[in-house]
Structure formats: structure tokens, C-alpha cells
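Okay, structure first, notes after.
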Amino acid sequence: MAESKVSHARAALADARHVRAKLEDELDLREWRLLWVLTLTLLRVVGHVLDKVDAKSSADVRTVVSRLYAEWKKAPAHVVFHAFIKAERDLILKEYRTSLVDGPVFIVPTDGDVADLDQMFDLADENLFRPLSDGPFAGEDGRDVLDQALEWWETQLDRIDMETS
Numbered sequence: 103m104a105e106s107k108v109s110h111a112r113a114a115l116a117d118a119r120h121v122r123a124k125l126e127d128e129l130d131l132r133e134w135r136l137l138w139v140l141t142l143t144l145l146r147v148v149g150h151v152l153d154k155v156d157a158k159s160s161a162d163v164r165t166v167v168s169r170l171y172a173e174w175k176k177a178p179a180h181v182v183f184h185a186f187i188k189a190e191r192d193l194i195l196k197e198y199r200t201s202l203v204d205g206p207v208f209i210v211p212t213d214g215d216v217a218d219l220d221q222m223f224d225l226a227d228e229n230l231f232r233p234l235s236d237g238p239f240a241g242e243d244g245r246d247v248l249d250q251a252l253e254w255w256e257t258q259l260d261r262i263d264m265e266t267s
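Position 158 (the sequence shown) corresponds to 260 in the numbering used here; numbering is contiguous.
Shown next as C-alpha cells:
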């Protein structure tokens, strides 16, 4: 395969994937929040680097990136871009808050056993479920939406490479 024409954006995306992976095992809520902030910031960095660095590499790349940016901002099919990547990054950078549910989320096991309060607290401490509180992804685990965003960017960068090859 030919070298990517959006290599700087791909480097930022690779870093976002690396940090996202750390969210699976992190139990400390402060560290988890910092990893969340970093992952979202890197997801938005992908777009800025794409526009400010990679798009300057050639007229073809600039044309495709400009056209796609207009599409991403408007098309409902790209809700992960405008309603999550951009919106969550804006919350973080402009208000230093996120759309994650604040505090532990209690998980009630559904294996037929009656859960006791201690078991619910133990599961909450394990950081198993970190839902988003509002927007089109409300109620979904933030990590699942991050995965959607990572895949969305991968698809968009592949489109740019394909259309400019």
C-alpha cells in the first residue's frame, strides 16, 4: 500500500487508540478522567492536524479534506463527529467537564441472584460502566462511543487516501 497522505492525522489517531486502551484497566477515577480527556483531545487533534498539516501536502488532499469537512459538519450520518468528538472536546476545553455520568454507576448483576449492597459497591468501584449522560449517545458506555469515534476517523482517513491516490 502506498504511503498515507494523511500520516500526521494517522499518528494522532494511533496515539488516541493507545490511550483509549488504557481505559479498560484503569480503576482510579482521577486517572480514568485524565485518560478520557486525553483520548477526546487526541480525537479532535486528528481533525485539526488533518486540516492544518496533512491538507497542505497537496492540492488534491486539500480539496478532499475541505469537501469532507463540510459533509462531516452537516450530515446526520456523521453524528459521531459533530455530536461526540467535537461536542465532548468542546465541553472539556471550554468548560472542563464531560458528558460522562459523574460518580460511580452501580451495576446490578442479572444472573438470578439477588445482589446485595456490598456487591453493587464492589462492581461500581471496578469502573465497569461509564455511561454518557446526554446527547445522542446518552446511556451508552463512553468507551464504546470512543471505539465508534476511532473507527469513524479510520474510515475517513482511508477515504482521503483512496480519493487522493
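Glycine included, C-beta positions come from ideal geometry on N, C-alpha and C.
Close CB contacts of serine 201 within its chain, under the 7 Å cut and outside five residues either way in sequence, are with Glu190, Leu193, Leu234, Ser235, Asp236 and Gly237 (chain order). The criterion of a C-beta distance shorter than 8 Å is not satisfied by alanine 114 and valine 163. Excluding the 5 residues flanking it on each side, serine 267 has same chain C-beta neighbours closer than 7 Å at Ala104, in chain order. Beyond the five residues adjoining it in sequence on each side, lysine 124 comes within less than 7 Å, by CB distance, of Leu137 in the same chain, given in chain order. According to the DSSP assignment, isoleucine 194 belongs to the alpha helix (DSSP H) that extends over 188-197.
The DSSP-derived three-state label of proline 238 is coil.
Distances from the CA of valine 181 to each of Trp254, Glu265, Ile262 and Arg112 were compared; the closest alpha carbon is that of Trp254.
Leucine 230 sits in coil when the DSSP states are folded into three classes, being neither helix nor strand.
Per the C-alpha coordinates, the member of Arg146, Trp134, Arg169 and Ser160 positioned closest to alanine 111 is Arg146.
Distance between alanine 118 and aspartate 153, taken at the CA atoms: about 17 Å. Annotation: the continuous alpha helix (DSSP H) that includes glutamate 265 extends over 244-265. If the five residues before and after aspartate 243 are omitted, its C-beta is found closer than 7 Å to the C-beta atoms of Phe231, Arg232 and Pro233, all from its own chain and listed in chain order. About 6 Å separates the CB atoms of valine 108 and aspartate 263; that is less than 8 Å, so the two are in contact.
Within the DSSP secondary-structure output, leucine 137 pairs in no beta bridge.
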